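Going by the working numbering, the sequence shown opens with residue 227, and the numbers climb by one from there.
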Amino acid sequence: MSRIKHTKTKTKLQLNQSASPPLRSGTGIAMLNPSTNISKELIDLIVSLSEDKLSGTKKNTPGRKYNGTAEFLTNDNAEYLYLTNSYVARGIDTESEAIIRNGWTVKANNTSDQPYIDLILKSNNCISLIKDINAYIELYGQPMMEMYSDRKLKTTKFDILPPTETDYLRDTEQNIMFDQYGEPQGYTQKRQGQYIATWSGNDAKRVIVFKYRTLGGYYVGIPGIQTLLYPSIEYGNIRSSIADSFVRSLPVSHFKATDASEEQLGAISSSVGDKFTARTVYVTDERVDIKNIGVTNDIDLFKFIEPTLSEIAACFHMPIEMLGATQFLKGDDFLDRYAEWVEHIKMKQQIIASIFERKVFNVIFPDGVVVKFNSPVSSSTNDLINVVSFAVQSNAITPEQAFEILNRNQVFGTFESDSITKPKSGVDSNGVQTKKEEKEITNTEDDV
């Protein structure tokens with residue numbers, strides 16, 4: 227079986243037609259229990275039994291077609307939602323930034339591989355790469371990344387392929403083509419009706435597919451915002467009604483024209499309509515009387531918008547307060563819902579880390595690597611203040627609770643019980659010289 231190997235003499239991606247990598251220390255049966263001495267005879271027996279029981283070939287064929295009634299989100303619709311719905315965009319951006327915000331590490335099992343790994347990480351804009359990978363999974367379902375050898379930099383580079391142009395290699399009936407091991411036979415890139423690139427055979431191993439979820443046996447990745455298709459349509463309908471509702475809520479203006487002809491009434495109506503809202507102006511002759519009843523619409527649209535926002539927030543497993551301040555939907559479990567969102571981010575970090583381990587670095591470095599994302603819990607001061615502020619505005623937490631959160635994270639200075647002591651820095655945050663004395667800020671509602 228071919229694999230990609232990273233040589234020690236050249237930082238270059240090469241194809242090696244050798245067999246699978248041999249069993250290494252730290253992997254396989256010998257590491258079932260590192261603290262126990264296992265005899266060679268016992269290991270040979272376990273291996274032989276495993277080979278006898280697993281001698282059959284793969285029979286399952288993946289790639290079933292979905293025949294249900296649910297409408298799948300198209301690429302065009304996904305991009306439209308991201309470009310026109312600020313809440314959808316905010317959910318995707320907040321999630322993508324949280325995944326990579328505090329960085330990641332790629333540590334080689336063989337220390338001699340580390341310099342080459344560091345060169346790969348340095349040569350690729352990994353922060354933007356990871357952000358785009360998550361955002362494209364949410365939008366398109368399964369972004370594909372090509373890894374290739376950069377001869378100029380003598381290292382391995384990563385490029386995300388255009389999600390709207392890439393697909394699996396398919397037969398004439400548009401079924402995905404799989405090899406005997408159940409892996410896709412290849413990938414294609416199509417632009418303006420013409421195939422501009424194809425990866426098959428050994429080349430197919432250079433294309434990495436990222437996805438979070440599929441349906442049972444349904445091989446294609448499902449967009450993360452698939453469940454937002456109908457809530458977003460509802461939100462769009464409500465938003466488009468806001469202007470119309472505002473116009474209908476204005477007072478009615480009535481003009482009477484004495485002894486005016488139909489032509490004159492039309493001219494007056496057109497002239498007056500240019501200066502007033504058309505829906506609120508009526509021009510009639512003296513035979514018609516209209517009573518001005520003032521505001522006729524007293525509907526609070528946010529009562530209808532917030533349930534839709536709640537569905538958008540649920541799609542990202544985040545508290546609704548992280549999308550924006552709410553007026554009607556309130557709860558006293560904000561911290562619990564925020565903790566749930568953090569665990570959701572950690573799970574996505576693990577999925578991306580696993581794909582980079584198995585499909586990227588372990589293919590290049592036979593001794594393997596460990597990919598790990600840092601916890602998303604630690605956030606910047608601005609991020610923390612924004613989240614806490616939304617929570618206070620929505621009455622999800624009290625000002626006292628908000629101050630405690632900011633206080634314990636030392637947003638305003640050193641944490642000391644119920645007060646904050648300002649460090650003796652000599653200058654304030656704006657660079658202005660200050661007196662070299664400690665200033666105590668007490669815990670009051672006005673501080674939040």
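Glycine is no exception: its CB is placed at the ideal position from the N, C-alpha and C atoms.
Keep in mind the model is a prediction, meaning the values are calculated, not measured.
Check                                                                                                                             : Outcome
Nearest-angstrom Cα separation, counted from Lys383 out to Ala315                                                                 : 28 Å
Supposed close pair Tyr292, Leu441 - CB separation, criterion 8 Å                                                                 : 6 Å
Burial state of Arg377 (16 or more Cβ within 10 Å)                                                                                : exposed
Neighbourhood of Asn286 by C-beta, 7 Å cutoff - its chain only, sequence neighbours within 5 removed                              : Gly408
Straight-line Cα distance separating Glu391 from Ile402                                                                           : 16 Å
Separation of Tyr421 from Pro698, as counted between CA atoms                                                                     : As displayed, the chain neither begins before 227 nor continues past 674, which places residue 698 out of reach and without an answer.
Asn403 - DSSP class collapsed to helix/strand/coil                                                                                : Checking the sequence shown, residue 403 turns out to be Met, not Asn. Met403: coil per DSSP, three-state reduction.
Test item: CB-CB of Ser426 and Leu395 under 8 Å                                                                                   : yes
Segment limits, beta strand (DSSP E) that includes Leu563                                                                         : First, the amino acid is wrong: residue 563 is Arg here, not Leu. Segment Phe560 to Ile581 is the alpha helix (DSSP H) holding Arg563; no beta strand (DSSP E) there.
N- and C-terminal bounds of the beta strand (DSSP E) containing Lys383                                                            : Thr381 to Ile386
Touch test, the stretch 561-571 against the stretch 584-598, Cβ-Cβ under 8 Å, three pairs minimum                                 : no
Enclosing beta strand (DSSP E) for Gln420 [first to last residue]                                                                 : Gln420 to Ser426
Buried or exposed by the 16-neighbour rule on C-beta atoms within 10 Å, applied to Tyr313                                         : buried
Cβ separation of Ala304 and Leu365, assumed to be a contact under 8 Å, to the nearest whole Å                                     : 5 Å
Contacting residues, own chain, Cβ-Cβ under 7 Å from Gly367 (five flanking each side not counted)                                 : Lys437, Val446, Gly447, Ile448 and Pro449
Closest residue to Phe587 among Ser322, Ile325, Leu309 and Asp344 (Cα-Cα distance)                                                : Asp344
Contacts around Tyr374, its chain only, beta-carbon distance under 8 Å, and the 5 residues preceding and following it disregarded : Leu239, Thr382, Lys383, Asp385 and Arg432
Boundaries of the alpha helix (DSSP H) in which Lys340 is found, first to last residue                                            : It is worth fixing the name first, because residue 340 is Gln in this sequence and not Lys. Note, Gln340: alpha helix (DSSP H), Gln340 to Ser349.
Coil, strand or helix - Gly412 by DSSP                                                                                            : strand
Option in Lys333, Ala296 and Ile359 with minimal Cα separation from Asp325                                                        : The question names Asp, but residue 325 in the sequence shown is Ile. Cα-wise, what sits closest to Ile325 is Ile359.
Counted within 10 angstroms of its Cβ, other Cβ atoms place Gly419 as buried (16 or more) or exposed                              : exposed
Cα-Cα separation, Lys236 to Gly329                                                                                                : Any reading at Lys236 is ruled out, since the residue's pLDDT is 39, under 50, leaving its predicted position unreliable.
Rounded straight-line distance, which links the Cα of Leu561 to that of Asp393                                                    : 41 Å
Residues near Ser244 in its chain [Cβ-Cβ closer than 6 Å; skip 5 each side]                                                       : With a pLDDT of 38 at Ser244, under the threshold of 50, the predicted position of this residue should be treated as unreliable, though the coordinate-derived value follows. Nothing meets the Cβ criterion.
8 Å Cβ cutoff met for Tyr306 and Ile318                                                                                           : no
Completely contained alpha helix (DSSP H) runs for the stretch 296-345, where each covers 4 or more residues                      : 301-310 and 312-326
For Ile434, the first and last residue of its enclosing beta strand (DSSP E)                                                      : Val433 to Val435
Met548, DSSP secondary structure in three states                                                                                  : helix
Residues bridged to Phe599 (per DSSP)                                                                                             : Trp330
C-beta atoms of Phe591 and Met548 nearer than 8 Å                                                                                 : no
Run of the beta strand (DSSP E) containing Asp358, from where it starts to where it stops                                         : It is not in any beta strand (DSSP E) - Asp358 instead sits in the alpha helix (DSSP H) that spans Cys352 to Tyr366.
Residue from Thr310, Gln400 and Ala551 whose Cα sits closest to the Cα of Gly289                                                  : Gln400
Rounded straight-line distance, which links the Cα of Ile577 to that of Asn621                                                    : 34 Å
Of the listed residues Thr300, Gln406 and Ser496, nearest to Tyr362 (C-alpha basis)                                               : Thr300
Ile353 versus Thr331: straight-line alpha-carbon distance, rounded                                                                : 12 Å
Glu372 versus Glu267: straight-line alpha-carbon distance, rounded                                                                : 44 Å
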